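Undergrad: Protein chains in written order, with numbering that gives the first Met the number 0: chain G, 0 to 220; chain H, 0 to 220. A virtual CB, placed ideally from N, CA and C, is assigned to each residue, including glycine. The structure displayed is predicted, hence computed values, not measured ones. Take a look at the following structure, please.
Protein chains: 2
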Amino acid sequence: MSDSHNLQVTKRSKIKRLPKRGSQERELIYNILDEALIAHVGFISDTQPFVIPMAYGREGDRLYLHGSSVSRLLKTLQQGVDVCFTVTLLDGLVIARSLFHHSMNYRSVVLFGKAKLVESETEKMTALRAFTEQMIPRRWEDARLPNSQELKATTVLSFPIEEGSAKVRTGSPSDDAEDYALPIWAGELPLEITPGVLIRDPKLTNEITPSSNLTNYRRGK
Amino acid sequence: MSDSHNLQVTKRSKIKRLPKRGSQERELIYNILDEALIAHVGFISDTQPFVIPMAYGREGDRLYLHGSSVSRLLKTLQQGVDVCFTVTLLDGLVIARSLFHHSMNYRSVVLFGKAKLVESETEKMTALRAFTEQMIPRRWEDARLPNSQELKATTVLSFPIEEGSAKVRTGSPSDDAEDYALPIWAGELPLEITPGVLIRDPKLTNEITPSSNLTNYRRGK
Chain G
0 MSDSHNLQVT
10 KRSKIKRLPK
20 RGSQERELIY
30 NILDEALIAH
40 VGFISDTQPF
50 VIPMAYGREG
60 DRLYLHGSSV
70 SRLLKTLQQG
80 VDVCFTVTLL
90 DGLVIARSLF
100 HHSMNYRSVV
110 LFGKAKLVES
120 ETEKMTALRA
130 FTEQMIPRRW
140 EDARLPNSQE
150 LKATTVLSFP
160 IEEGSAKVRT
170 GSPSDDAEDY
180 ALPIWAGELP
190 LEITPGVLIR
200 DPKLTNEITP
210 SSNLTNYRRG
220 K
Chain H
0 MSDSHNLQVT
10 KRSKIKRLPK
20 RGSQERELIY
30 NILDEALIAH
40 VGFISDTQPF
50 VIPMAYGREG
60 DRLYLHGSSV
70 SRLLKTLQQG
80 VDVCFTVTLL
90 DGLVIARSLF
100 HHSMNYRSVV
110 LFGKAKLVES
120 ETEKMTALRA
130 FTEQMIPRRW
140 EDARLPNSQE
150 LKATTVLSFP
160 IEEGSAKVRT
170 GSPSDDAEDY
180 ALPIWAGELP
190 LEITPGVLIR
200 DPKLTNEITP
210 SSNLTNYRRG
220 K
């Protein structure tokens, strides 16, 4: 069973390949989910697997997805089909002496479950706040809040963080013993998502300046 | 039919939601595939959808995937099951006056098809070179090449770039007409993947220095 510290290990969520990289720890899983901006959501429609990139938000032990009420994707998900929810943070390239041992450092989360339609207006607002916080912390205080017409036009689904796992690779390459003597550079190249220069909407009234959550924006630690 | 300029439009690859953002152009699709480092690969195993992050490489009109010969993932894919191959580049946050119109700028590719086991040693080497080029251009010239034992331990699959589409959002937010008068900052925050400082493998012989494809590493344009 899933509990307050660890997610459920089941047949489909058990890590078979390199299990030492795997974890069911909620804290690690929440950290990865909170740092990423996009999930890749997998589901089956007419025997065909689909993988669609989606924004999302987390509130406690559940994730929220949203989209237009007319979207085929949201219509399929809310039917209670099996979903695989995957998030990947790429932390760097692992540069080995042999091509065979090149790799990547990453943190990923794979969750299994079914999405459920959120019907209450209160929970919908909670979800919309979670999307906003995921994308830009404190933007909720600065922007115009959703009105009831916008709430109606938005389908919100909740997805439980209950079954699944994280997988993490860190550190330097592991080359074959005899390759360490080769005169080839090896190590890691860290990669991060960095913000560029803010671009003002050309239709913006001149005197408005962006607040510090935008000018000092950053992901990760 | 798929041709030299465009991918096939089929029932499963037709873009229904916001079709003006969609494209079947090979050139655009190749550019997106070449800039990304990780794909999210979806398939069905025992009626359950799985979405797994994977490195890949492109060579002409096909993609290559690889992994250990003992991996369940590779074993499932090589059985010729339907696969959905998705790649997403996050280009920035779209910051609107209303929370409802917040969005992201992105370029994504969704491909459909079946993977095929690559058996010839020559094509396997082509594929390994494509993985290397995808991750670090010209690393093939610097590192120790795969030997026949390593080739045997690696399962390589090819996947055709034939059916699917790209989807792209760019530019500033589109707010509701009456919201443009609000004193709320709006615009875009570009995001990019930037390399950090190279970390030497502690086991490296002292006099070796990294070559320019590592010291000047960058993704994208």
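(1) Can you list, in chain order, the residues of its chain whose CB lies under 6 Å from that of tryptophan 139(H), leaving out five sequence neighbours each side?
(2) Between which two residues does the alpha helix (DSSP H) containing phenylalanine 111(G) stretch?
(3) From the DSSP output, in three-state form, read off tyrosine 179(H) for me.
(4) Using a cut-off of 9 Å between C-beta atoms, extract the partners of proline 182(G) located in chain H.
(5) For glutamate 58(H), tell me which candidate among Asn30(H), Arg71(H), Cys83(H) and Gln77(H) has the shortest Cα-Cα distance.
(6) Any Cβ of chain G within less than 7 Å of the Cβ of alanine 165(H)?
(7) Please go through the segment 6-63 of chain G and give each complete beta strand (DSSP E) segment of 3 or more residues, from N-terminal end onward.
(8) Going along the segment 97-119 of chain G in order, which residues come within less than 8 Å of chain H, judged by CB to CB distance?
(9) Check the Cβ-Cβ distances between aspartate 200(G) and every residue of chain H, and say whether any is below 7 Å.
(10) With which residues is alanine 165(G) paired in a DSSP beta bridge?
(11) Below 7 Å between beta carbons: does that hold for valine 155(H) and alanine 126(H)?
(12) Within its chain, find whatever has a CB closer than 8 Å to the CB of alanine 152(H); leave out the 5 residues flanking it on each side and keep chain order.
(13) Check this for me: beta carbons of isoleucine 192(G) and tryptophan 184(H), under 7 Å apart or not?
(14) Using a threshold of 7 Å, state whether the C-beta atoms of proline 209(G) and leucine 190(G) are closer than that.
(15) Lysine 151(H) touches chain G at which residues, Cβ-Cβ below 9 Å?
(16) Of the choices Ala95(H), Pro201(H) and Phe158(H), whose alpha-carbon is the least far from that of arginine 143(G)?
(17) May I ask you to report which of helix, strand or coil DSSP gives threonine 208(H)?
(18) Please compile the residues from chain H whose C-beta is within a distance smaller than 7 Å of the C-beta of lysine 15(G).
(19) Specify, as a first and last residue, the run of the alpha helix (DSSP H) that glutamate 118(H) falls within.
(20) Thinking C-alpha only, which one of Asn146(H), Leu36(H) and Ile28(H) is nearest phenylalanine 99(G)?
(21) Starting from isoleucine 160(H), follow its DSSP beta bridges and name the residues at the other end.
(22) Tell whether a beta-carbon distance below 7 Å holds between valine 86(H) and valine 108(H).
(23) So is leucine 17(G) buried or exposed if we call it buried at 16+ other beta carbons inside 10 Å?
(24) For serine 210(H), return the contacting residues in chain G, with the cut-off set at a CB-CB distance below 8 Å.
TA: Taking the geometry as given:
(1) Result list for tryptophan 139(H): Arg128 and Thr131, in chain order.
(2) First-last for phenylalanine 111(G): 102-113, but that is the beta strand (DSSP E), not the alpha helix (DSSP H).
(3) helix
(4) Thr204, Glu206 and Ile207
(5) Asn30(H)
(6) no
(7) 38-44, 47-53 and 56-58
(8) Ser97, Leu98, Phe99, His101, Met103, Tyr105, Ser107, Val109 and Phe111
(9) yes
(10) Ser22(G) and Val108(G).
(11) yes
(12) Ser67 and Ser68
(13) no
(14) no
(15) The contacting residues do not exist; lysine 151(H) stays about 11 Å from chain G at best.
(16) Ala95(H)
(17) The answer is coil: DSSP assigns threonine 208(H) none of H, G, I, E or B.
(18) Arg71
(19) No alpha helix (DSSP H) holds glutamate 118(H); DSSP gives it neither H nor E.
(20) Per the Cα distances, Asn146(H).
(21) DSSP output for isoleucine 160(H) lists no bridge partner at all.
(22) Closer than 7 Å, so yes.
(23) The residue in question, leucine 17(G), is exposed, as its Cβ has fewer than 16 Cβ neighbours within 10 Å.
(24) Trp184
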